[in-house]
Each structure stands twice: as structure tokens, then as C-alpha cells.
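Notes to accompany the following structure.
There are 2 protein chains.
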Amino acid sequence: MAESPATLIDGIAAERLPADDRGLAYGDGVFETVLVHDGRPVWWQAHLDRLEQGARVLGIAMPAAAAWRADCDALCAGTSGRQVLKLLLTRGSSRRGYAVDPQGVPRRIAQCLPAPPLAAADGIGVRWCDLRLAAQPRLAGLKHLNRLEQVLARAEWSDPAIAEGLLCDADGALVSAIAGNLFVVRHGVAFTPPVDRCGVAGICRQYLLGCGAQVRSLRRDELLAADELFVCNSVRGILPVTRLGDRRWPIGALTRGLVARLARAEPAFAVEW
Amino acid sequence: MAESPATLIDGIAAERLPADDRGLAYGDGVFETVLVHDGRPVWWQAHLDRLEQGARVLGIAMPAAAAWRADCDALCAGTSGRQVLKLLLTRGSSRRGYAVDPQGVPRRIAQCLPAPPLAAADGIGVRWCDLRLAAQPRLAGLKHLNRLEQVLARAEWSDPAIAEGLLCDADGALVSAIAGNLFVVRHGVAFTPPVDRCGVAGICRQYLLGCGAQVRSLRRDELLAADELFVCNSVRGILPVTRLGDRRWPIGALTRGLVARLARAEPAFAVEW
């Protein structure tokens, strides 16, 4: 069994949560994975905003921002280097059945975990996933706790040389990687698929849209024709894709420019190459 | 907060489970809700078979049937009347990330809960849900822990006179009720939609298919044209639908025949009318 992470439940140190939590029963909740750098959470407000938006869609009362911040400080203050702070908000305990108890009390969970590495100088290898993401506009964009599609997609390979899987929807449109958003660079512009039918509206994706990247529907052949390709998420930053089957890409000028710009904005993402 | 149910985790009495369980993190598991009547689980083998099938699809090792049975006996032996035994199988604890640890140890959870009532003599009222179920053939039919669609659909109303919601897929085809399968009776035959793209392959549905009911794609207008209509699940049995908006149905001869046949086969489902 994995070593238990440092965990706070409703602000109190605890390794276990009540077995009648609806997060377990139904995946009834939302979560965030926040990069913490030298004790400071990166893109904190953006993470809280997305958590609140997800809670609003699910009809779960959002705890005060100060409570989340206190969790962050209690778990991460004084740490050095990069950590991951995982925040979960569930609808809390309830009796059996899908109906929501209007008197129910949401449950706040925070965990401090080791951070995964940033991208190496040779980028990452990816593969296509067979699994197709289902379209559910009511949940699209949210980082909710129903993640079996991601688990099944990630279980399609075990080769450690492959870091990510590329996911399409049932119509064959590109959506994202498994644990990150996908960007296709063509003629000097970075494009990323919409996430209004499936996928997650990533925080790093949002940052890059503010840097001039654009949302556009993309098909598999457009990915293969890309000049550059990268995946991103809020704990690993920008991960240039250099290998997909027999196809090879360089880490191109636009990707390098965005990596450098991100590192200036957030030193936590500074890479060695 | 709801009173904690009697719970066994891996056979040991416990009210809390490790906060790093993948059932919480990703809904990475499957479950069953088993009716227990005078201490005896109803349709036990069918529930275990479905649990095992779901575990196989997810790649989770299925605990021995004897372990589940011991949980059932420990929680329910000697009880009288009707109880619900909820069984959950999760992939257990793991580090962060979707990748499955091949050394991971699944977690077995069993809870004893109060049973909901059987149908009253005047049947149940239902309504249409706005939410459309997403099509995911890889998960269809399974009783997995990703149930946010059901939670959102059930949150569409609070009128206690309405017991169930009717769900369609994105193409407008009927799928099921929220917590049960749906049967439409026409010209003396009970039809129920396929569950190969979304929905759950219910145990009571399976029983009724053995009684002559048939699988057929159905549309909303066919439901409105039904001679009789009912919902079923394995803890409440057959629930005749008598009200949908302004539409009224009698509890017809075919439904009454199936209710009587089910009560003969499983006395736990004997109703007073």
C-alpha cells in the first residue's frame, strides 16, 4: 500500500474519512491539484475559482477561501521545492440514494503529495488511446471526481517511455491528454480543442489562452500535421511532445517561447534546458 | 450529518476509510446494492457475478466470494425484515495519478442500511429529466462509482410525489430511470432499452428478461403510447408507474402478473396490494 499522504479533513489532520462520504459513493465532488513552490501555491486564485465553479454546477456549498488557504499553509508552509497540494470538495456524508440532502455538510479534504517532474530536454512520448471520451455537456470542463475514463485510458499502456495518452471523443475530434490539455502548433499559432462537451478546462490551458493560444476543433490528421505539439497541466507546466509512434517533432520555437514565458511568470516552472 | 451505517472494510468494523482510496479520488471501483430479507441476501450470485464482471472490466482483482459472504453474514445475519447491503470494491489506496499500481490491493467495503419501501398500491409518479446520459460503451452496463449523472438528474426536482426520473441519451433514446431500469409494456410484451452505450444492466432487469421481457430501443413517444409502464431495481422490485405529468396509467395485467411472479420467486418482494 502507498504511504499515506499528509491529509487534512475539514482542517483537521486525519488519514481516514467517513465511509458514507458521497465522494466515495458517487464521485460526488470536485478536486484541484495545485503546484506549491517553496511553500507558495501557484495559480491559487484560478484553482479556487474553478473549484467554486464546479461546486456551483454540482450544487455543493463552497467553503470559504480562507479555509482552503489555511489548509494549504498548514500542509505546505515552510516546504522547499515543488509539492502538489490536492484539494477535494465532496458533498459530504449522506444516507444511501442519489437525492441530495439540503441539510448536508460538504467535506473539505487537502493532501500534500510529491510533485511529478517537469519536462526533460527531450520532451515526452505520447500515444493514441483507444478509449473515446463520452460527451456530457453538463460536466464538461469541470475537474470532478468521476474519472474512470482517465483510469481506463491510462491503463492502455505500461511502457514508461510513454508519458501521456491522446484522447478523442466519439466523433473522432481531439479533446486532450489524460492528465493535461493538448496544444497543436500550426503556422505559428497554438490551438487547443474546446472543452464544452468533454475534457477539463485546465488552469495552465487558461494561462496559455491568455498568451495568444486559440480554441479550435481539431482532428487527428491535424495533429499529425502539426509543426509542434505540447501537453500542459498546472503541476507540470508545458510538456513538449516529441514522439508519437514513428512521428517525431522538434521542440519548436513557439513551444520554447511559451516555456520561457511561463518560467518568467512562474519560477516554479523553470526548466534546465 | 447522517448517522454512520454499520460498515466493514476488508472485513473489519470501521467507520472510516483511508483518504487516499481511489474510490474517492476517481470513482475507481464498482458497487452493488443487495436486498437482504430476514438475513438472507436476495439474488446474491447475480450481484456477485455483476461485481466480478465490473471488476474485470476495470482490471481490479475480485475478492473471494466467501469474503463477501462473510461480510454479509457479519452485518445482516439475524436481522429481520428487509435491509440493504451495499458492497463496494475499489482499487484501494494509491499514489496520486491515474496510472494503476499493479501491486495495488483492492479494498472491500460492506455497509448495512435501511431498505426503501416497496411500491404502494397506487404505483409511483415519474418525470422526465433534462439531463441526457452520455454514451460510454466501455463502462455501459456496469454499476461503477462514477454516478454524477445520476446525482445531477435526481437534483432536478424535490417534489416528494415524484419517485423517479426518466433518462434519455443524447440521441433521445430512452435508457432507464435514475435508480432503476425502465420497462414499457405494449401489446402484451414488456420492452426495456439496451444498456450497451449507457445505463446499468440491473439484476431485476435480468430477472425480468428471463420472464419473457425483451430488449428493444425505445423512444419517448413509444413510452407515452405504452399500455403499462414500470421501473425496477433489485432492492425495490417492480415499481408500477402510474403518473407522468398529465398522463395516467393503470397498473395493468402484465405488470400485476410480473409483480405476483416476482413475489412467488422472492418473498422479499411480496406487496400488500
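Residue numbers (our numbering), protein chains in the order written: chain E, -14 to 258; chain D, -14 to 258. We treat Cβ as the ideally placed atom computed from N, Cα and C, and that holds for glycine. What you are looking at is a predicted structure, and each value in this text was computed from that prediction instead of being measured.
Can you tell me which of the three DSSP states V27(D) falls into?
Your numbering for residue 27(D) matches position 42 in the second sequence. Of the three classes helix, strand and coil, the one that applies to V27(D) here is coil, per DSSP.
Classify L60(D): buried if its beta carbon has 16 or more other beta carbons within 10 angstroms, exposed otherwise.
Looking up residue 60(D) in the second sequence gives position 75. By the neighbour-count rule (16 or more Cβ atoms within 10 Å), L60(D) is buried.
Drop a sphere of 10 angstroms on the beta-carbon of R76(D), count the other beta-carbons inside from all chains shown, and report buried for 16 or more, exposed for fewer.
Start at 1 with the first residue of the second sequence, and residue 76(D) comes out as number 91. Buried: at least 16 other Cβ atoms inside 10 Å.
Within 9 angstroms of chain E by C-beta, residues of the region 52 to 81 of chain D in sequence order
V69, K71, L73, T75, R76, G77, S78, S79, R80, R81
Does any CB atom of chain E fall closer than 8 angstroms to the CB of P252(D)?
Here residue 252(D) refers to the residue found at position 267 of the second sequence. Not one chain E Cβ lies under 8 angstroms of P252(D).
Cα-Cα separation, K71(E) to A95(E)
Reading the first sequence from its first residue, position 86 is the one you call residue 71(E). Reading the first sequence from its first residue, position 110 is the one you call residue 95(E). Approximately 6 angstroms between the Cα atoms of the pair.
Quick check: the Cα distance between A175(E) and G184(E), rounded to an integer number of angstroms?
Within the first sequence, the letter at position 190 stands for residue 175(E). Within the first sequence, the letter at position 199 stands for residue 184(E). Rounded to whole angstroms, A175(E) to G184(E) spans 18 angstroms at the Cα level.
Beta-carbon separation (whole angstroms), P252(E) vs H22(E), contact threshold 8 angstroms
On the first sequence, residue 252(E) is found 267 positions in, with the first residue counted as 1. On the first sequence, residue 22(E) is found 37 positions in, with the first residue counted as 1. So it is a contact: roughly 7 angstroms between Cβ atoms.
Tell me which residues of the region 112 to 126 of chain E have at least one Cβ-Cβ distance to chain D shorter than 7 angstroms, keeping chain order.
L116, A119, A120, Q121, R123, L124
Cβ neighbours of A105(E) in the same chain (closer than 6 angstroms, five flanking residues each side left out)
As a working mapping, residue 105(E) is identified with position 120 in the first sequence. So no residue of the chain qualifies.
Could you name the residues of the same chain whose beta carbon sits closer than 6 angstroms to that of G12(D), not counting the 5 residues immediately before and after it, in chain order?
Against the second sequence, residue 12(D) aligns to sequence position 27. Only L130, N131 meet the Cβ criterion.
Taking DSSP's pairing of strands, which residues face K328(E) in a bridge?
Nothing can be reported for residue 328(E): it is not among the residues displayed for chain E, which extend from -14 to 258.
When every heavy atom of the ligand NAD is checked, does at least one fall within less than 7 angstroms of the C-beta of W234(D)?
Among the ligands in the structure shown, none appear at all, so the ligand NAD cannot be discussed.
A50(E) lies in the alpha helix (DSSP H); which residues open and close that run?
By one-based count along the first sequence, residue 50(E) stands at place 65. Taken as a continuous stretch (DSSP letters only), the alpha helix (DSSP H) holding A50(E) covers 50 to 61.
Taking one C-beta from the region 142 to 161 of chain D and one from the region 191 to 200 of chain D each time, how about it: are there three or more such pairs within less than 8 angstroms?
no
Same chain only: Cβ atoms within 7 angstroms of L137(E), ignoring 5 sequence neighbours per side:
Counting from 1 along the first sequence, the entry for residue 137(E) is found at position 152. Same-chain partners within the cutoff: L116.
Between the C-alpha atoms of R112(E) and I223(E), what's the straight-line distance to the nearest angstrom?
Along the first sequence, one-based indexing puts residue 112(E) at 127. Along the first sequence, one-based indexing puts residue 223(E) at 238. Answer to the nearest angstrom: the Cα atoms are 17 angstroms apart.
With a cut-off of 8 angstroms, do at least 3 Cβ pairs link the region 211 to 225 of chain D to the region 159 to 172 of chain D?
yes
To which residues of the same chain is V19(D) closer than 6 angstroms at the C-beta, ignoring the five residues directly before and after it?
Working through the second sequence from its first residue, we reach residue 19(D) at position 34. Taking V19(D) as the centre and dropping the five residues before and after it, the same chain places the C-beta of P26, H32, L70 closer than 6 angstroms to its C-beta, in chain order.
Please tell me whether R93(D) has its Cβ less than 8 angstroms away from any Cβ of chain E.
Taking the second sequence and counting its residues from 1, one reaches residue 93(D) at position 108. Chain E contact via Cβ: absent.
Identify every run of the alpha helix (DSSP H) within the region 132 to 208 of chain E, keeping only runs that are complete inside it and at least 4 residues long; order them along the chain.
For the region 132 to 208 of chain E, whole alpha helix (DSSP H) runs of length 4 or above, ordered along the chain, are 133 to 139, 188 to 194.
Candidates I236(E), R221(E), G230(E): closest to A248(E) by CA position:
Residue 248(E) sits at position 263 when you count from the first residue of the first sequence. The option with the nearest alpha carbon to A248(E) is R221(E).
What does D156(D) touch in chain E if you count any residue whose Cβ is under 8 angstroms from its own?
To locate residue 156(D), count along the second sequence from 1; it is residue 171. Residues of chain E passing the Cβ test: none, with the nearest at roughly 11 angstroms.
So for M(-14)(E), helix, strand or coil by DSSP?
Numbered from 1 along the first sequence, position 1 holds the residue referred to as residue -14(E). Because M(-14)(E) sits at a pLDDT of 39, beneath the cut-off of 50, its placement in the model cannot be relied upon, and the following sentence gives the value as read from the coordinates. Looking at M(-14)(E) - three-state DSSP - the assignment turns out to be coil, as it is neither helix nor strand.
Can you give me the C-alpha to C-alpha distance between W234(E) and G39(D), rounded to a whole angstrom?
Locating residue 234(E) in the first sequence gives position 249, counting from the first residue. Locating residue 39(D) in the second sequence gives position 54, counting from the first residue. Going from the Cα of W234(E) to the Cα of G39(D) covers about 39 angstroms.
Work out the CA separation of G110(E) and A255(E) for me, nearest whole Å.
Taking the first sequence and counting its residues from 1, one reaches residue 255(E) at position 270. Taking the first sequence and counting its residues from 1, one reaches residue 110(E) at position 125. Looking at the two C-alpha atoms, the distance is approximately 20 angstroms.
Could you give the DSSP three-state label for T(-8)(D): helix, strand or coil?
As a working mapping, residue -8(D) is identified with position 7 in the second sequence. Strand at T(-8)(D).
Alpha carbon of P145(D) to alpha carbon of D107(D), nearest angstrom:
Against the second sequence, residue 145(D) aligns to sequence position 160. Against the second sequence, residue 107(D) aligns to sequence position 122. Distance between the alpha carbons of P145(D) and D107(D) is about 15 angstroms.
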